[in-house]
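If you count the sequence shown from 1, position 87 lands on 337 in the numbering used here, and the numbers rise without skipping. Backbone N, C-alpha and C fix where the C-beta goes; we use that ideal spot for every residue, glycine too.
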Amino acid sequence: MMPWLLSGLGLLILLLAGDALVKGAVNLSLRLGVPALIVSLTIVAFGTSAPELLISVSAVLDGKPGLALGNVVGSNTANILLVMGVPAMLAVLYTSHCNTRKTYLMMIAATLVFIALAFRGVFDMLAGFVLLALLAYVLFDAFRDAHRHRKNCALVLDCAPDDDKEEPEEPEGADPNMPWWQIIVFLVLGLVGLPLGASLLVDNASIIARSFGVSDAVIGLTLVALGTSLPELATTVMAARRGKADVALGNVIGSNMFNLLAIIGITTMVGPIPVDPEFLAFDLWVMLGASLLIIPFVFFNRDITRRWGIVLTALYVIYVIVVLS
């Protein structure tokens, strides 16, 4: 029972520390004069992926690379099937009005490159450089599109009456009135809590794996992946309840790209990640298949109804049962 409790404690510390780091880093950057747009595209994106990154790095350093790879592959599968499925069961996601085709195609391209690199048998520094180069392009493209969009909006607003002007949306966690001492506290809590939580979760998840006679990779694909997908699930549920289908879908697509390109890319700088044959035979293809399932919602103006939500969630449950068996 104790390893389960400590794993849960580690996950809770990770989630809280990641949130604290995002708040601290966002407000520090804004205080230093960094534009909110750049903060949103870089600091917030990296901060929300910090738990997955710390878990993967800790797993490689502790000689458990299967857990690191399982965490990323399992999280991406959970993000599509579970993180999209559960909110759709609560409220229909009106994705027919969303324009996510470009970012979705980038996610599929990143997935295919990731699978191709996996067939080399190991994610080494060379593979890491490829993934990080793709990440740099994605961030550059996102920055360029967002800057163009912000510029166009500014032109429109300048021509509109003062009453119609809208303030640019602040990045997540921004608080213009946050005092310096609070910013420092958030940064310290994040920087101390992330490695502590990652160590607790990785060590005790491995103990659980051994007690059940399963591999670290299986625990990474299920327990750890499900836990690190909780923030995305919470965000998507709130977006669905507010009728923000574009936020829900964009959150999943962006998270999956970051997992593939940033998490594994950075982790390979710490040490190589061998690819278990089971990943090549099954799990990577499930991840790709799950990603292709949302084509109707991206390209053919279909909404994710409650029926689709049940189907997606059921597919995830079946996948977990197959992996554990």
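Rounded Cβ spacing between residue i and residue j (contact assumed at less than 8 Å)
| i | j | result |
| --- | --- | --- |
| R556 | M334 | About 12 Å separates the two Cβ atoms, so there is no contact after all. |
| V548 | R398 | Between R398 and V548 the Cβ distance is about 22 Å, and since that is not below 8 Å, they are no contact. |
| L331 | L483 | Going by Cβ atoms, the distance from L331 to L483 rounds to 11 Å, so no, they are not a contact pair. |
| T518 | A386 | Actually they are not in contact, since the Cβ atoms of T518 and A386 sit about 15 Å apart, beyond 8 Å. |
Coarse secondary structure for residue i, derived from DSSP in three states
| i | result |
| --- | --- |
| V388 | helix |
| I503 | helix |
| L343 | strand |
| P524 | strand |
| F373 | strand |
| G268 | helix |
| I457 | helix |
| L263 | Leu is not the amino acid found at residue 263; the sequence shown has Ile there. Three-state result, I263: helix. |
| I514 | helix |
| I554 | strand |
| V464 | coil |
Straight-line Cα distance separating residue j from residue i
| i | j | result |
| --- | --- | --- |
| N509 | V322 | 6 Å |
| E302 | K273 | 18 Å |
| L389 | M251 | 43 Å |
| T327 | I523 | 19 Å |
| A512 | D374 | 14 Å |
| I263 | V442 | 10 Å |
| N501 | I457 | 32 Å |
| H347 | V525 | 39 Å |
| P445 | L304 | 6 Å |
| I434 | D553 | 43 Å |
| W558 | G504 | 21 Å |
| I365 | L265 | 28 Å |
CB contact flag (residue i, residue j, <9 Å)
| i | j | result |
| --- | --- | --- |
| T472 | V336 | no |
| G268 | G463 | no |
| G447 | G260 | yes |
| D466 | A359 | no |
| N277 | D425 | yes |
| A300 | F436 | no |
Buried versus exposed call for residue i [16 or more other C-beta atoms within 10 Å across all chains shown]
| i | result |
| --- | --- |
| V572 | exposed |
| L317 | buried |
| I568 | exposed |
| L534 | buried |
| N427 | exposed |
| W431 | exposed |
| L362 | exposed |
| P315 | buried |
| L255 | exposed |
| V468 | buried |
| A324 | According to the sequence provided, residue 324 is Gly. The question's Ala does not apply to it. The residue in question, G324, is buried, as its Cβ has 16 or more Cβ neighbours within 10 Å. |
Cutoff 9 Å: residue i Cβ touching any chain D Cβ
| i | result |
| --- | --- |
| E302 | In the displayed structure, chain D is absent; only one protein chain is listed. |
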